[in-house]
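**Q** Taking numbering that gives the first Met the number 0, the leading residue of the sequence shown gets 0, the next gets one more, and so forth. Positions of the beta carbon are idealized from the N, C-alpha and C atoms, including for glycine. Remember, it's a predicted structure, so these values are computed and weren't measured experimentally. Okay, handing you the structure first.
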Amino acid sequence: MNRLIHIATTILALCTALAATAQEKAERQQAVRVKQGTETLHLTPMCIYQGDTIPSVQLPTVYVFKPLRFKNKRQQRRYTKLVRDVKKTLPIAKEIRGIIIQTYKELQRIPTEKGRKQYLKETEKRLKEEYTPRMKKLTFSQGKLLIKLVDRETDSTGYELVKAFMGSFKAGFYQTFAALFGASLKKEYDAEGDDILTERVILLVESGAI
């Protein structure tokens with residue numbers, strides 16, 4: 000188990016090497032609060048529509064699914080566990096995506112290859128120190144789920160992340176090592192197949208429905 004945690008932590012650190020080519024920036028319009036004296040003004044975003052200036056408010060997406068029907072209590076417990084695991088690992092996967100984007104931006108500012116390698120080395124060390132305590136608190140199933148959610152958020156499997164940073168040999172080594180514990184760094188997230196229930200839970204969690 001400790002070895003699997005080490006692998007997952009390493010993958011997290013190696014995310015710094017991946018360029019954010021699949022980055023999709025979602026622009027969110029939010030009301031701005033401005034304090035003037037003792038009063039608080041709420042400034043609503045505006046837009047121009049057919050020559051008129053009107054309020055523009057982006058409403059959150061609401062997902063509606065057919066109610067789940069559980070065959071037995073065991074199946075219901077598995078769903079409850081899935082909800083708990085998603086709530087624990089999804090924030091980490093999203094943090095990884097943010098790390099990739101931020102690191103990519105920083106790398107563009109460093110003019111030399113030596114400087115970029117040094118930056119990646121320092122970032123990897125910092126991430127290991129920061130995330131190892133959190134990773135140790137994950138269960139085995141949560142660790143496997145996190146690997147898949149990393150693929151969902153970054154559009155790159157754990158194997159591809161290791162390969163991008165350390166090359167094919169090390170990627171193959173970590174993949175073989177993970178397989179000994181029933182995990183796979185090549186596991187892709189399939190929102191319309193094997194992970195359809197997980198995707199449902201994620202959308203509900205993200206919208207605040209559960």
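Just the Cα atoms here: how many angstroms apart are residue 203 and residue 116?
**A** For the purposes of this step, residue 203 is identified with residue 204 of the sequence shown, where counting begins at 1. For the purposes of this step, residue 116 is identified with residue 117 of the sequence shown, where counting begins at 1. Looking at the backbone, the Cα of residue 203 and that of residue 116 are separated by about 40 Å.
**Q** Near residue 151, what residues of its chain come up, given a Cβ to Cβ distance below 6 Å and the 5 sequence neighbours on each side ignored?
**A** Against the sequence shown, residue 151 aligns to sequence position 152. Same-chain partners within the cutoff: 188.
**Q** What residue from 66, 114, 75, 133 has the CA that sits closest to residue 235's CA?
**A** In this structure the chain extends from 0 to 209, so residue 235 is not present and cannot be described.
**Q** For residue 137, which option in 159, 85, 195, 79 has the closest C-alpha, if you only look at C-alpha atoms?
**A** The count along the sequence shown starts at 1 and reaches residue 137 at position 138. Out of 159, 85, 195, 79, 85 has the C-alpha closest to the C-alpha of residue 137.
**Q** Using the Cβ count rule (16 or more neighbours within 10 Å means buried), how would you classify residue 160?
**A** Within the sequence shown, the letter at position 161 stands for residue 160. Classification for residue 160: buried.
**Q** Would residue 149 be called buried (16 or more neighbouring beta carbons within 10 Å of its own) or exposed?
**A** The residue labelled residue 149 in the question sits at position 150 within the sequence shown. By the neighbour-count rule (16 or more Cβ atoms within 10 Å), residue 149 is buried.
**Q** For residue 43, write down the residues that DSSP places opposite it in a beta bridge.
**A** For the purposes of this step, residue 43 is taken as the residue at position 44 of the sequence shown. In the DSSP output, where bridge partners are listed per residue, residue 43 has none listed.
**Q** Just verifying my parser: in three-state terms, what is the DSSP assignment at residue 51?
**A** Numbered from its first residue, the sequence shown carries residue 51 at position 52. Three-state DSSP puts residue 51 in a strand.
**Q** Do residue 198 and residue 208 come within 8 Å of each other at the CB atom, strictly closer than that value?
**A** In the sequence shown, residue 208 corresponds to position 209, counting from 1. In the sequence shown, residue 198 corresponds to position 199, counting from 1. The answer is no: Cβ separation not under 8 Å.
**Q** Can you give the beta carbon distance from residue 153 to residue 95, rounded, assuming they're within the 8 Å contact cut?
**A** Walking along the sequence shown from the start, residue 153 turns up at place 154. Walking along the sequence shown from the start, residue 95 turns up at place 96. Confirmed, about 7 Å.
**Q** Note down the Cα distance separating residue 99 from residue 123, rounded to an integer number of angstroms.
**A** Mapped onto the sequence shown, residue 99 falls at position 100. Mapped onto the sequence shown, residue 123 falls at position 124. If I take the Cα positions, the gap works out to 12 Å.
**Q** Is the CB-CB distance between residue 206 and residue 56 below 8 Å?
**A** Taking the first residue of the sequence shown as 1, we reach residue 206 at position 207. Taking the first residue of the sequence shown as 1, we reach residue 56 at position 57. Contact flag unset, no.
**Q** Which same chain residues end up closer than 7 Å to residue 59 when comparing Cβ atoms and leaving out the 5 residues on each side of it in sequence?
**A** In the sequence shown, counting from the first residue as 1, residue 59 sits at position 60. These residues qualify, in order along the chain: 206.
**Q** Going by beta carbon distance, what residues of the same chain come within less than 8 Å of residue 88, once the five residues before and after it are set aside?
**A** Walking along the sequence shown from the start, residue 88 turns up at place 89. The residues are 137, 141, 144, 145, 148.
**Q** Where does residue 111 sit, in a helix, a strand or coil, going by DSSP?
**A** Here residue 111 is taken as the residue at index 112 of the sequence shown, counted from 1. Reduced to three states, the DSSP call for residue 111 is coil.
**Q** Within 10 angstroms of the Cβ of residue 167, are there 16 or more other Cβ atoms? Answer buried if so, exposed if not.
**A** As a working note, residue 167 is residue 168 in the sequence shown. Under this definition residue 167 is an exposed residue.
**Q** Taking buried to mean at least 16 other C-beta atoms within 10 Å of its own C-beta, is residue 158 buried or exposed?
**A** Reading the sequence shown from its first residue, position 159 is the one you call residue 158. With 16 or more other Cβ atoms within 10 Å, it is buried.
**Q** Have a look at 49, 175, 75, 54 and flag the residue whose alpha-carbon is nearest the alpha-carbon of residue 185.
**A** Locating residue 185 in the sequence shown gives position 186, counting from the first residue. It is 175 whose Cα lies nearest to the Cα of residue 185.
**Q** From residue 110 to residue 52, what does the alpha carbon distance come to, in whole angstroms?
**A** As a working note, residue 110 is residue 111 in the sequence shown. As a working note, residue 52 is residue 53 in the sequence shown. Going by the C-alpha atoms only, they are around 45 Å apart.
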